[in-house]
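Down below is the structure, laid out as structure tokens.
Protein chains: 2
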Amino acid sequence: MEVRHLELLRDLRDRGTLAAVAEASFRTPSALSQQLKTAERELGVALVEPYSRGLRLTWAGQILADGADDVLTAVARVQGRLDAGRGAPAGTVKIGTLPSAGAALMPGLFTRLADTLIDVVLDDFDLAEADYAARTADADLVIAHSLSADVPAGAHGLVSRVVLREPIDVAVPSHHRLASRDAVGPADVCHEPWVAVPPGYPFGTIHESIEAASGVPLNRIARVRDNRLVESLVEAGHGVGLLPRFSTPASAGLVLLPLTGVRATRSIVALARRDRAQRRAVSAVVDLLAEVGATLEERVRPARTSTAPTRTS
Amino acid sequence: MEVRHLELLRDLRDRGTLAAVAEASFRTPSALSQQLKTAERELGVALVEPYSRGLRLTWAGQILADGADDVLTAVARVQGRLDAGRGAPAGTVKIGTLPSAGAALMPGLFTRLADTLIDVVLDDFDLAEADYAARTADADLVIAHSLSADVPAGAHGLVSRVVLREPIDVAVPSHHRLASRDAVGPADVCHEPWVAVPPGYPFGTIHESIEAASGVPLNRIARVRDNRLVESLVEAGHGVGLLPRFSTPASAGLVLLPLTGVRATRSIVALARRDRAQRRAVSAVVDLLAEVGATLEERVRPARTSTAPTRTS
DNA sequence: CACTTCCATGAAGGCTCCCTACATAGTTAA
DNA sequence: TTAACTATGTAGGGAGCCTTCATGGAAGTG
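Each protein sequence line maps, in turn, to chains A and B. Counting along the first sequence from 1, when you hit position 201 you're at 201 in the UniProt record's numbering, and nothing is skipped either side. Counting along the second sequence from 1, when you hit position 23 you're at 23 in the UniProt record's numbering, and nothing is skipped either side.
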């Protein structure tokens, strides 16, 4: 039983096809196919079977793929202990993030990393909530979000940590009749024209909650994905929209109002595969992200406290 | 970090010198030396340092050697799960045993293995109690014994299981004045001539306990290791001796008497390295050994119950 | 102190095995 | 049917592991 084979089966389970694994590991499908054959010959069991255009793991293949998680985690743990004995964490951490959370967190992270030996390579992608988990195959750390729970869908078996709980506010133009309010509820905003999102996209559930709470179907004048686009439409007075509080830059043209009466918070979560999370540099970055997140929550909340008393839970 | 390197460091830790590891793995010391160099280059840390004639692990080497235990155990666990899914356990199990316990256990084990797919390769050696643990590097399973506790000295980090608790009896010639007794105490036997063991050998502690309990120094007419030799000297009427109850064949010439008043029991223990213990065939053999042990304990105890009531604890 | 023995290490070369390149065959969708 | 995707098989190059042989240091022995 060779670790190389275990790793291949894990990657095959995670990426689905041999071709995808080959591309990710800079090898040819042929090499991997031969490796599978070798593993099957050595173990005397079928590990994969043809399925549709590609392959599917047999029961034995699944056992080995799952076992690979344990083995590779154990290896990573040893590496972590070695690093710990050697001094400060170092190395390169590959981070993939959803853009808005990255905008809120990365500046603070980069500041904190300045006097460490850790380098960060940053990638960003805008995906459906359930698709972020799969990106942990490529990146050491994936910054995802979840609107319903504290751990996004599909993150089973991954290490996850909430680094920030971010309120989703209602954005209105600064000359709007509601602009001077401290907060708004569903009844206040249900008759406004809305800059909404395409079906299935993250904030959609909040739009639906407003409809459910007020009993009024929203007038969606636009369905866009990009938050900067939402901002510009709202600023121009075409309607109101939903925007995450910390990721939205202060702007003269619009005002963010806390939304009460419906759940309007998203959890920003750092996801990592178990083995990658064992790396000392990776766990250090997660700690720093949580620190940045706490700073953001602190910095904004007291600002409102000065004008109006807040309910501290 | 390659598993091959971890394994090498573990073996080096367990066997002491590169030459010993080389011999055990059918390679040359040169190959291993080069492998160590490669590992040090890849990790950027010194793993070994010259010490006396040989090598010594550095702190980093120790971390990796200990980590190897975890990693290789995880690998073995996967193998075990695979075997479990495949049906009956199979393969070859290498057993090393102390001779007397082997004599008691192996016949029953071989009987039970007859209709399985498991093969056993048997080796035997007579060692000091603390030296059995080291043999787990060579054999999958080591049958050792412990007179003081349930786990022999030096067995830290190994899987151990008591398969049999064996009383150590006083052997007297069949025409001896005590031969008709049901049991004897220190005061009964302290004035007899004794066939004893060399200093440091297993049963020595029991001889000393008899001296301590009776206050009489024993008259040791001989100091021998081999139990068959003890038997023949006792049968010939030269003195009395200590013999393990189950490992001593029924013989017309001598009688075994339970020894009361001092601790006179040894634990027969199956030892295995954590990774080897994960193999399905190995754990199956351990189960069978425990079964054989239970049978031995059962078969002998009720026999005495019929003549004299026993204290069941 | 010389001799022996047991360590580890280094250079040179063979050999195994892994990967790439290229060709082939099966499956799905347009 | 064609195109695009999958996996698989064969042939060949190359990296890396191991062996052989030689060297040097450390400990024990006469």
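Even glycine gets a Cβ: it sits at the ideal position worked out from N, Cα and C.
Look up residue i in the DSSP assignment and say whether it is helix, strand or coil.
i: Arg279(A); result: coil
i: Ser25(B); result: coil
i: Leu256(A); result: strand
i: Ser247(A); result: coil
i: Thr307(B); result: Model confidence at Thr307(B) stands at a pLDDT of 37, short of 50, so the residue's coordinates are unreliable and nothing is read from them.
i: Glu49(B); result: strand
i: Ala171(B); result: strand
i: Arg161(B); result: strand
i: Val286(B); result: helix
i: Gly67(B); result: helix
i: Ala104(A); result: helix
i: Leu82(A); result: helix
i: Ala272(A); result: strand
i: Arg112(A); result: helix
i: Arg181(A); result: coil
i: Ala39(B); result: helix
i: Leu55(B); result: strand
i: Leu296(B); result: helix
i: Leu9(B); result: helix
i: Gly61(B); result: helix
i: Leu218(B); result: coil
i: Pro302(A); result: Model confidence at Pro302(A) stands at a pLDDT of 43, short of 50, so the residue's coordinates are unreliable; what they give is reported in the following sentence. In the structure shown, Pro302(A) sits in a helix (DSSP, three-state: H, G or I).
i: Gly241(B); result: strand
i: Gly16(A); result: coil
i: Leu147(B); result: coil
i: Ser313(A); result: Any reading at Ser313(A) must be qualified, since the residue scores a pLDDT of 34, below 50, and its modelled position is unreliable; no value is offered.
Under the assumption that residue i contacts residue j (Cβ atoms under 8 Å), give the Cβ distance between them as a whole number of angstroms.
i: Phe246(B); j: Ala104(B); result: 4 Å
i: Ala281(A); j: Gly91(A); result: 4 Å
i: Leu55(A); j: Val45(A); result: The Cβ separation is near 15 Å, so there is no contact.
i: Val269(B); j: Pro152(B); result: 6 Å
i: Leu64(B); j: Leu36(B); result: 11 Å between Cβ atoms; not a contact.
i: Leu242(A); j: Arg181(A); result: With 8 Å as the limit, Leu242(A) and Arg181(A) do not qualify as a contact, their Cβ atoms being about 16 Å apart.
i: Pro99(A); j: Asp126(A); result: 6 Å
i: Arg225(B); j: Pro198(B); result: 6 Å
i: Ala284(B); j: Ile143(B); result: In fact, because the Cβ distance is near 16 Å, the residues do not count as touching under 8 Å.
In its own chain, which residues sit with a C-beta less than 7 Å from the C-beta of residue i, not counting the 5 before and 5 after it?
i: Ile221(B); result: Pro193, Trp194, Val195, His238 and Gly239
i: Ser174(B); result: Ala252, Gly253, Leu254 and Val255
i: Ala264(B); result: Pro167, Ile168 and Ile206
i: Thr28(A); result: Ala22
Quick one: residues in its chain with C-beta nearer than 8 Å to the C-beta of residue i, no 5 flanking neighbours on either side, listed in chain order?
i: Thr205(B); result: Leu147 and Ser148
i: Arg77(B); result: Gln278
i: Arg266(A); result: His145, Ser146, Leu147, Arg165, Glu166, Ile168, Pro202 and Pro244
i: Ala84(A); result: Arg280
i: Ala137(B); result: Asp11, Asp14, Arg15, Ala24 and Arg273
i: Pro217(B); result: Glu211
i: Glu298(A); result: none
Could you pull the DSSP bridge partners for residue i from this structure?
i: Gly96(B); result: Asp123(B) and Val142(B)
i: Glu166(A); result: Arg266(A)
i: Arg223(B); result: Ala196(B)
i: Ala90(A); result: Leu117(A)
Taking C-beta pairs closer than 9 Å, name the residues in chain B that residue i reaches, listed in chain order.
i: Leu82(A); result: Met1, Leu43, Val45, Ala60, Ile63, Leu64 and Gly67
i: Val78(A); result: Met1, Leu6, Ile63, Leu64, Asp66, Gly67, Ala68, Asp70 and Val71
i: Gly87(A); result: The contacting residues do not exist; Gly87(A) stays about 11 Å from chain B at best.
With a threshold of 6 Å on Cβ separation, who are the neighbours of residue i within its own chain once the five nearest residues in sequence on each side are excluded?
i: residue 322(A); result: Lying before the first or after the last residue shown, residue 322(A) is absent from chain A, which here runs from 1 to 313.
i: Ser214(A); result: Pro186, Ala187 and Cys190
i: Asp123(A); result: Gly96
i: Gly108(A); result: Val292
i: Thr260(B); result: Ala183 and Gly185
Can you list the residues of chain A that residue i reaches, using a CB-CB cut of under 7 Å?
i: Ala74(B); result: Asp70, Val71 and Ala74
Any heavy atom of the ligand GTP closer than 7 Å to the Cβ of residue i?
i: Gly154(B); result: Absence of the ligand GTP from the depicted structure is noted, as is the absence of any ligand whatsoever, leaving it without description.
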